[in-house]
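Protein chains: 2
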Amino acid sequence: MSTASGGVSPGVRGEAKRRSVVEAATRAFLSEGYGAASMDAIAAEAGASKRTVYNHFPSKRDLFRAVVARLYEGLNAPGRVPSDRAPAEALTAFAHGLLTHLRRPEVTGLLRLVAAEHRRFPELSQDLMREGKGPAVAPLEAYLAALDARGELRVPSPPAAASLFLGGIKEALFWPGLFGLPVPEDGPVVDNAVRAFLRGHRVGEPRGTVTRAPDTPS
Amino acid sequence: MSTASGGVSPGVRGEAKRRSVVEAATRAFLSEGYGAASMDAIAAEAGASKRTVYNHFPSKRDLFRAVVARLYEGLNAPGRVPSDRAPAEALTAFAHGLLTHLRRPEVTGLLRLVAAEHRRFPELSQDLMREGKGPAVAPLEAYLAALDARGELRVPSPPAAASLFLGGIKEALFWPGLFGLPVPEDGPVVDNAVRAFLRGHRVGEPRGTVTRAPDTPS
DNA sequence: CTCTAAGTACACTGCACAGTGTAGTGCAAT
DNA sequence: ATTGCACTACACTGTGCAGTGTACTTAGAG
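From first to last, the protein sequence lines stand for chains A and B.
Positions 31 to 248 (the numbering used here) are the ones given, in order, by the first sequence.
Positions 31 to 248 (the numbering used here) are the ones given, in order, by the second sequence.
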C-alpha cells in the first residue's frame, strides 16, 4: 500500500525498456521519417514486444513527440567561444564547432523531420527555434557584444552580425549537406568568412557605414 | 496503320488529361509529401479516373519523378541583376528578387521534398543543384566579376563572395520559413547585408585582406 | 513461496492505399 | 456507320500498418 512497497519507485525496471524503445524509435524516425517508420520495426529493433511499446506510449504520435523532445534535450552542445584568443581565432573555432554540431546525424535528421512534417506537427517548429538555434548562437552574440563594448570591433547589432556571419558559412558548408549534396572543404570557406567579417567590423571606419543598429523598424 | 492516321499525333487529346494529372499530383506532393499523398486523391483532384492516371504513369514513383522534373523546369526565374544601377541598389534588388523566387510555395515545397525523400530518391539532389541553385546565383557571380574587372569593387572570388552574401541574407530571411518559423522584415536585413558586403569589398584596401581566390583546393 | 507489476507472444481487427482487370462510354477521323 | 483510342466507373487483390485483446511468463519485494 505504501509508496515504497507497492510502486517502489515508479518504473525502475520499466524505465530501461522505455529508453530502449525511445532510442530505437529515434533511429527509425531520423532515418525513415515519421510516415515510413513502422511501430513493428521499432518494437523489434528495441527488443521489446509491440504491446510493451503501446503500454509506454499510447500512440505513434506520442512516441514521436517523446523522441523529438529527447532530441531537443540532447541538442545542448552550444559551442563555446574561446574568448581568450584573438578574434580571428575565436570566430574560426566557434564556426568549426558549430559546423560539427550541426552536421551530427541527429541534428540533420531532426531538421529534415521538422521541415517535412511541419504540417502534421506544427508545434515542432517553435521548439526548434527556442531549444535549438537560440542557445547555439547566443554565445556568439554575447562574444560580439563584448568585443564591441571593449572597442575591439564595431558591432552595432550583434544578432544581425552573427546571423550574417553564420549564414555566410552555412550557405556553403551546411545547407547543401541537408539535401544530400557535396560540401566543399571547411577551412578555406571559414577563413574567408572570418576575414570578411573582421574587415567589415573594424573600428575607426571613415563613414558611410552602420553606426547604429541596422535600422530595425521604429 | 500509318503513323499519321493511326496515332495522328501521339496524344493530342491525352495530353490535356496528362497535364491535369501532373498538376494535381504537384499540389498533392508539395503539400502532403510523397508518402502521404494518395493516388486516389490525386486522380479525384485531377478529375480523372484512377485507371487513366496509371495509363499515363506506370507507378507512383514515376508520377512523382515527372512532377519533380516539371518543377525544375518551372524554376527558371533567375533574378536578373540591374547592373545599370549603383552596386548597392543592384545588390538590393537582386536579393529581393531572389527572396521572392525562393519563397514561392513550389520552391519551398520542392526543397522540403528533396530533403525529406533524399533516401528514397537520391537522384533529386543532383538536379536541384544543377537546375535550381546554379542558374539562380550565376547572374550575381557574373555581376560581381564584372565589378571586379571594372575596378569598382575588389572581389577576388565571385563564387565565394556570392555565397557569403546570399547566405547572410537567407540565414535570417529564408531558412526559418522552411521550418515554419516566422521571418523578420526583409528591408533592414538586406540593407545591412548589402552595407556589410560593400564595406568588405572596397577597393584600395590597405592590406591583410584577400587578394587572391580564397584558396579553394588545387 | 507468493504476490504483483512489467513484459512477451501472437492472433486479430480495421483501414488505407498501390496497383489491376474489365466492361463499357464519348469522340474523333475516315 | 465503323473503327480505334482515350477515358470512365467500379469492383477487386494484396499488403502493410496502427492499434487491441488475451493468455502466459518473468522478476523483484515481502
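No residue lacks a Cβ here, since even glycine has one placed at the ideal position from N, Cα and C.
The C-beta of B:E45 has fewer than 16 other C-beta atoms within 10 Å across all chains shown, which makes the residue exposed. The alpha carbon of B:S89 has as its nearest neighbour, out of B:S68, B:G109, B:R149 and B:H231, the alpha carbon of B:S68. Per DSSP, B:V51 is one residue of the alpha helix (DSSP H) stretching across G44 to E62.
By alpha-carbon distance to B:L140, the top candidate from B:A192, B:D157, B:H126 and B:A125 is B:D157. The Cβ neighbour count for A:G217, taken over all protein chains shown within 10 Å, is under 16; the residue is labelled exposed. Note on B:A179: under 16 other CB atoms within 10 angstroms of its CB, so exposed under the neighbour-count rule. Residue state for B:R184 is assigned as coil, using DSSP reduced to three classes.
Taking a Cβ-Cβ threshold of 7 Å, the residues of chain A close to B:S155 are F209, G210 and L211, in chain order.
Interface criterion met: the Cβ of B:P152 is under 8 Å from a Cβ in chain A. Around B:A226, the beta-carbon contacts reaching into chain A at under 7 Å are L194 and G230. Under the rule that a run must span 4 or more residues, the alpha helix (DSSP H) segments found entirely inside the region 143 to 195 of chain B read 153 to 157 and 164 to 179. Counting only the Cα atoms, A:P188 lies some 20 Å from B:P212. The C-alpha of A:A166 lies about 38 Å from the C-alpha of B:S113. Contact annotation, B:L196 with B:R142: C-beta distance approximately 20 Å; criterion of less than 8 Å not satisfied. Interface with chain B (8 Å Cβ-Cβ cutoff): A:N222 is included. For chain A, none of the residues of the region 82 to 103 of chain B brings a beta carbon within less than 8 Å of one of its beta carbons. The contact set of B:H131 on chain A, defined by CB atoms closer than 9 Å, is empty, because the minimum CB distance reaches about 16 Å. Beyond the five residues adjoining it in sequence on each side, A:L132 comes within less than 6 Å, by CB distance, of F204 in the same chain, given in chain order. For A:H126, there are no C-beta contacts with chain B under 7 Å, since the nearest C-beta of that chain is about 16 Å from it.
In this structure, B:A123 sits away from A:L194, with a CB-CB distance that is not shorter than 8 Å. Residues of the region 153 to 181 of chain A with a C-beta atom less than 9 Å from some C-beta of chain B are L154, S155, Q156, L158, M159 and K163, listed in chain order. B:A99 counts as exposed, since fewer than 16 other beta carbons sit within 10 angstroms of its beta carbon. DSSP, reduced to helix, strand and coil, places A:A116 outside both helices and strands of the structure shown, so it counts as coil. Look at B:P214 here: in three-state DSSP terms it is coil, with no helix or strand label.
Contacts with chain B at 8 Å (Cβ-Cβ) include A:V144. Within chain B, no C-beta atom comes nearer than 7 Å to that of A:E75; the closest sits roughly 17 Å away.
Membership of B:A76 in any alpha helix (DSSP H) is not indicated, and neither H nor E is assigned to it by DSSP. Separation of A:D70 and B:E147 (C-alpha to C-alpha, rounded to the nearest whole angstrom) is 22 Å. Three or more pairs of CB atoms, one per stretch, sit closer than 8 Å, so the region 224 to 233 of chain B contacts the region 170 to 184 of chain B. Contact note: B:K200 reaches chain A through G197 and E201, using a C-beta cutoff of 7 Å and chain order. One Cα belongs to A:A74, the other to B:H126, and the distance between them is close to 51 Å. Taking every protein chain shown into account, the CB of B:R57 has 16 or more other CB atoms within 10 angstroms, so this residue is buried. When rounded, the separation of the alpha-carbon atoms in A:K163 and B:T138 is 20 Å. Membership of B:L101 in the alpha helix (DSSP H) is indicated by the continuous run K90 to G104.
Assigned with DSSP and collapsed to three states, A:A123 falls in helix. Taking each of B:A78, B:V51 and B:A118 in turn and checking the Cα distance to B:L170, the smallest one comes out for B:A118.
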